[in-house]
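Engineer: Sharing a structure below in structure tokens format, with a few things to ask.
In the numbering used here, the protein residues as written are 4 to 171.
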């Protein structure tokens, strides 16, 4: 049930990989004790099925906790007005990273309503601080999210943090 790195080992050598092309150090880093460390995170459920939880390099480090963007995305995609989305870490001087959710909306684009939905669906530490609407989520030809294109705040980013109350 706990999340860990997915590591695999074939029964015969060179069946899976003979290493990264022209990258001997990356090959040494990935293949340890005859196991190929994929960089993917997963967990086994009660029935023995392996569930993909995201990439270790894509984890968001918020306040010392490692948060999988996949968990946030799966929760957000349950919202009827979200057609697609991507969660990314945004540099933050206090928490190290804050969470930004980039949303491709269908219909209503109400950031506060989406934030309210996510507060009910996710633990408090995983609720995005920022939301940004986009026409499309940038992806590779194999449909992997190009998160590096989304990791900056823009004028379109909406800060969902509640404003501090005045003591007047």
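Virtual Cβ for every residue (Gly too), placed ideally from N, Cα, C.
Answer yes or no: do residue 114 and residue 134 have a C-beta to C-beta separation smaller than 8 angstroms?
Structural biologist: The answer is yes: Cβ separation under 8 angstroms.
Engineer: Among the residues of its own chain, which have a CB less than 6 angstroms from the CB of residue 86, if the five just before and after it don't count?
Structural biologist: Within the same chain, residue 86 has close Cβ partners 107, 109.
Engineer: Hey, quick one: how far does the beta strand (DSSP E) through residue 90 stretch, first residue to last?
Structural biologist: Start and end: 85-95.
Engineer: Taking the alpha-carbon positions, what's the residue 156 to residue 68 distance?
Structural biologist: Residue 156 and residue 68: Cα-Cα distance of roughly 21 angstroms.
Engineer: Are the beta-carbon atoms belonging to residue 76 and residue 89 less than 8 angstroms from one another?
Structural biologist: For residue 76 and residue 89, yes; Cβs fall inside 8 angstroms.
Engineer: Around the Cβ of residue 103, are there at least 16 other Cβ atoms within 10 angstroms (buried) or fewer (exposed)?
Structural biologist: Classification for residue 103: buried.
Engineer: On the three-state DSSP scale, how would you describe residue 107?
Structural biologist: Of the three classes helix, strand and coil, the one that applies to residue 107 here is strand, per DSSP.
Engineer: What residue from 112, 131, 122 has the CA that sits closest to residue 101's CA?
Structural biologist: Ranking the options by Cα distance to residue 101, first place goes to 131.
Engineer: Suppose contacts are defined by Cβ-Cβ distances below 8 angstroms. Is residue 45 in contact with residue 9 by that definition?
Structural biologist: Cβ atoms of residue 45 and residue 9: closer than 8 angstroms.
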